[in-house]
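Chains as they are written, first to last, in the working numbering: chain S, 1 to 334; chain W, 1001 to 1334. Have a look at the structure below before the remarks.
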């Protein structure tokens, strides 16, 4: 559990994209952010107040989140004075970088001295159970994709937000680094030991009110040779009542797998549903989220209509057109 | 890599079943075993020469393998004098227990002192790559089951042995603790961090001669809610040319999952093949291995015939009737 509100550390980000973790937090949890802190040469900008560590603490900030990734995901020596100042001023530090805060002796020493926490969200903390497959109360919706990095997190965050705005009970269940930083908690599924993957997801999505929805962030793809095992553990651990399919029609091959074709939406529908029904025979596919960012509005609109006619379920681009239809479909599940 | 030959440590095994790891090694690699060593009260018996540590060393033994599991999988204090004697006499120690040899300070100290190795085959050693999905040379056969603990290791060991006896090129690729102790090397897949599961299997089954078969030990089941992710990583990492389906017709529910039905062989055939074809479109199901240990010979024979008529591929019980038909079918793959 990461304490909020956050101070977003943008460091010396060379461009806006390098600060996409900060952007995600600012977009999805603006109410949990006090401001940004930027070093000399920073080219990223969140449209937030520029703060010092001291000022952020006065405004109530509890954790400084590393919202930037540099090449290699390392903790830059240029950042160290600010990270150390945050710890000595009473802030925890949280990071999704490949290199761990907890492996930096000076940070460990300062955290200990000032009674602060270093939270590496790529690291699995605590013990995990082996999945037992038992039926849990409450409802769960999971995003699955024809490929990795195709908009699953965005889609689930948007569905959660829409449910909240309609006054429905829901929780966003983060399964990856950025999602965990946004939500403040979750399971870094790709860092879990194989035997405990599904169990960690059962633990993340426990018994709940019968009208409560866990909106579970997807990971990987059942069709991606590198990460498919992670995805199937998520399908079986989350025991979904509803699946949302995610797809980018402009992608010509699987990310990181030259020569591999993406499956069709039809085929993803068939395979994902069959696998989900192993743990929940009532599971349904409630709609499709298209990432049409590389298409013109006209092409996107035509594609969505064509796909909806073909699959006979709601099809939208959550970023462009919202998720009203997906949430309508979700709430139709008895 | 565990050095052979082995001395099999049976400890104070309360019955034969408690020494099933030793039994597996003795059954499948008798040429790699110098003898057994038993403590006061041991009720297990491998039909091997009873040796002292000293005698085993004289006979050329390189590693003493813990071939027994007691309740809880712990390293018993009663075993310690013998384990320490093995180390001081020049033997390595290898274990598949849940508790690690490497967590016992007295063993660690003795191993260091005598320059010996402690090998915990449940532990992942070294760094693992992320799978790249690239097509590799040589051929691979993988066992997949309708459930866990259904005979996949036995089936693959039998296929490997039959290939060897026909003078064909093959390697048994172990993916679980007992398999690793039998073969002397392998990947403990359920102990690998999620992101690296498929990559560890690609590394285990590298490029090879075009007429060489890797016979890959299966793990878990695509239909088992606790372990399915491990299985799919294995399917995609091993890039199989051939699948063997494993099934026990007498099992009424999935192991450890009350209320869960096993899938039919037809359904496993369909789903496993579709998933395998993501990485190898030429993959085929070459036959079925039935565990008929709880059936009469008559019932078993009738069941095999009926299943063969239905699926139109070879169906056998490897233990009762051998794997000739499976290997014939395997070698038909161009």
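Just so it is clear, CB atoms sit at the ideal spot from N, CA and C, and this is done for glycine as well.
Given this structure, state the Cα-to-Cα distance separating residue 38 of chain S from residue 104 of chain S, to the nearest angstrom. One-based indexing of the first chain puts residue 38 of chain S at position 38. One-based indexing of the first chain puts residue 104 of chain S at position 104. Looking at the two C-alpha atoms, the distance is approximately 21 Å.
My assumption, with CB atoms under 8 Å, is that residue 130 of chain S sits in contact with residue 199 of chain S. Please give the rounded CB distance. Here residue 130 of chain S corresponds to residue number 130 of the first chain, with the count starting at 1. Here residue 199 of chain S corresponds to residue number 199 of the first chain, with the count starting at 1. Rounded, the Cβ-Cβ distance is 5 Å, consistent with contact.
Inter-stretch contact (C-beta, 8 Å, three-pair minimum) for the segment 1141-1154 of chain W and the segment 1213-1228 of chain W: A contact exists between the segment 1141-1154 of chain W and the segment 1213-1228 of chain W.
Residue 1088 of chain W at chain S interface by Cβ criterion, 8 Å: In the second chain, the residue the question calls residue 1088 of chain W occupies position 88. Chain S contact via Cβ: absent.
Could you list which residues in chain W have their beta carbon closer than 7 Å to that of residue 142 of chain S, in chain order? Locating residue 142 of chain S in the first chain gives position 142, counting from the first residue. Here the premise fails: no neighbours, minimum Cβ distance about 14 Å.
Bridge partners - residue 27 of chain S, DSSP secondary structure assignment: Residue 27 of chain S sits at position 27 when you count from the first residue of the first chain. Residue pairing from DSSP leaves residue 27 of chain S without any beta-bridge partner.
When you compare only the Cα positions, how much space is there between residue 1280 of chain W and residue 1208 of chain W? As a working mapping, residue 1280 of chain W is identified with position 280 in the second chain. As a working mapping, residue 1208 of chain W is identified with position 208 in the second chain. Residue 1280 of chain W and residue 1208 of chain W: Cα-Cα distance of roughly 16 Å.
Is the segment 1034-1049 of chain W in contact with the segment 1002-1022 of chain W, if contact means three or more CB pairs nearer than 8 Å? yes
Please report the straight-line C-alpha distance between residue 289 of chain S and residue 1118 of chain W, rounded to a whole angstrom. Position 289 of the first chain, counting from 1, holds the residue named residue 289 of chain S. Position 118 of the second chain, counting from 1, holds the residue named residue 1118 of chain W. Residue 289 of chain S and residue 1118 of chain W have their alpha carbons spaced roughly 51 Å apart.
Could you tell me whether any Cβ in chain S is nearer than 8 Å to the Cβ of residue 1006 of chain W? The residue labelled residue 1006 of chain W in the question sits at position 6 within the second chain. No, residue 1006 of chain W does not count as interfacial toward chain S.
At a Cβ threshold of 8 Å, is residue 1125 of chain W touching chain S? The residue given as residue 1125 of chain W occupies position 125 in the second chain. No, its Cβ sits nowhere closer than 8 Å to a Cβ of chain S.
Chain S within 8 Å of residue 1225 of chain W, Cβ atoms only: Residue 1225 of chain W sits at position 225 when you count from the first residue of the second chain. At least one chain S Cβ lies under 8 Å of residue 1225 of chain W.
Would you kindly check if the distance between the Cβ of residue 35 of chain S and the Cβ of residue 79 of chain S is under 8 Å? Within the first chain, residue 79 of chain S is the residue found at index 79, counting from 1. Within the first chain, residue 35 of chain S is the residue found at index 35, counting from 1. Against a cut-off of 8 Å, the Cβ pair of residue 35 of chain S and residue 79 of chain S comes out as no contact.
Cβ-based neighbour list, residue 238 of chain S, same chain, cut-off 7 Å, excluding 5 preceding and 5 following: The residue given as residue 238 of chain S occupies position 238 in the first chain. So the list reads 140, 142, 201, 205 and 216, once near-sequence residues are dropped.
The segment 80-98 of chain S contacting the segment 49-66 of chain S, beta-carbon criterion three pairs below 8 Å: yes
Can you find a C-beta in chain S that's less than 8 Å from the C-beta of residue 1069 of chain W? The residue you call residue 1069 of chain W lines up with position 69 of the second chain. No, because no Cβ of chain S sits closer than 8 Å to the Cβ of residue 1069 of chain W.
Supposed contact pair residue 1317 of chain W and residue 1292 of chain W - C-beta distance, whole angstroms, cut 8 Å: Taking the second chain and counting its residues from 1, the one referred to as residue 1292 of chain W is at position 292. Taking the second chain and counting its residues from 1, the one referred to as residue 1317 of chain W is at position 317. Contact flag correct, Cβ pair sits at about 5 Å.
For residue 24 of chain S versus residue 178 of chain S, is the C-beta spacing smaller than 8 Å? Looking up residue 24 of chain S in the first chain gives position 24. Looking up residue 178 of chain S in the first chain gives position 178. For residue 24 of chain S and residue 178 of chain S, yes; Cβs fall inside 8 Å.
Buried or exposed for residue 314 of chain S, please, with buried defined as at least 16 other CB atoms from any protein chain shown within 10 angstroms of its CB. Here residue 314 of chain S is taken as the residue at index 314 of the first chain, counted from 1. Buried, because 16 or more other Cβ atoms sit within 10 Å of the Cβ of residue 314 of chain S.
Cβ-based contacts, 7 Å cut-off: residues of the segment 256-277 of chain S near chain W: 257, 260, 271 and 274
Span separating the alpha-carbon of residue 298 of chain S from that of residue 152 of chain S: On the first chain, position 298 is the one that residue 298 of chain S refers to. On the first chain, position 152 is the one that residue 152 of chain S refers to. Their backbone Cα atoms lie some 23 Å apart in a straight line.
Interfacial residues, the segment 164-197 of chain S to chain W, with Cβ spacing under 7 Å: 189, 190, 191, 192, 193, 194, 195 and 197
I'd like to know if residue 1151 of chain W contacts chain S, where contact means its C-beta is closer than 8 Å to some C-beta of that chain. Position 151 of the second chain holds residue 1151 of chain W. With 8 Å as the cut-off, residue 1151 of chain W does not count as an interface residue toward chain S.
Assumed close pair residue 1351 of chain W, residue 1029 of chain W - CB separation to whole angstroms, cut-off 8 Å: Limits of chain W in this structure are 1001 at one end and 1334 at the other, which puts residue 1351 of chain W out of reach.
Could you give the DSSP three-state label for residue 1284 of chain W: helix, strand or coil? Taking the second chain and counting its residues from 1, one reaches residue 1284 of chain W at position 284. The answer is strand: DSSP assigns residue 1284 of chain W an E or B state.
Through-space distance from residue 1169 of chain W to residue 76 of chain S, alpha-carbon basis: Counting from 1 along the first chain, the entry for residue 76 of chain S is found at position 76. Counting from 1 along the second chain, the entry for residue 1169 of chain W is found at position 169. Each residue's Cα considered, the two are about 51 Å apart.
Note down, in chain order, each residue of its chain lying with its Cβ closer than 7 Å to the Cβ of residue 1124 of chain W, except the 5 sequence neighbours on either side. Here residue 1124 of chain W corresponds to residue number 124 of the second chain, with the count starting at 1. Hits under 7 Å: 1188, 1191 and 1192.
Hey, quick one: how far does the alpha helix (DSSP H) through residue 97 of chain S stretch, first residue to last? Mapped onto the first chain, residue 97 of chain S falls at position 97. Run containing residue 97 of chain S: none; DSSP gives neither H nor E here.
Per-residue DSSP class, three states only, for residue 1323 of chain W: The residue you call residue 1323 of chain W lines up with position 323 of the second chain. Here residue 1323 of chain W sits in coil by DSSP.
Buried or exposed for residue 98 of chain S, please, with buried defined as at least 16 other CB atoms from any protein chain shown within 10 angstroms of its CB. Sequence index remark: in the first chain, residue 98 of chain S carries index 98 (1-based). Result: exposed.
Give the DSSP bridge partners of residue 119 of chain S, in chain order. Along the first chain, read from residue 1 onward, the residue named residue 119 of chain S stands at position 119. Its beta-bridge partners are S:94.
Label residue 1240 of chain W either buried or exposed according to how many other C-beta atoms from any shown protein chain fall within 10 Å of its C-beta, with 16 as the threshold for buried. On the second chain, position 240 is the one that residue 1240 of chain W refers to. By the neighbour-count rule (16 or more Cβ atoms within 10 Å), residue 1240 of chain W is buried.
How should residue 1214 of chain W be labelled, buried or exposed, when 16 other C-beta atoms within 10 angstroms of its C-beta is the threshold for buried? The residue you call residue 1214 of chain W lines up with position 214 of the second chain. That one is buried.
Contact with chain C by residue 199 of chain S, beta-carbon distance below 8 Å: Of the protein chains in this structure, namely S and W, none is chain C.
By how many angstroms is the C-alpha of residue 1102 of chain W removed from the C-alpha of residue 1065 of chain W? Your numbering for residue 1065 of chain W matches position 65 in the second chain. Your numbering for residue 1102 of chain W matches position 102 in the second chain. Using only the alpha carbons, I get a separation of about 14 Å.
Examine chain W for any beta-carbon lying closer than 8 Å to the beta-carbon of residue 18 of chain S, and answer yes or no. As a first step, residue 18 of chain S is located in the first chain; it is residue number 18 there, counting from the start. Answer no: the Cβ-Cβ gap between residue 18 of chain S and chain W never drops below 8 Å.
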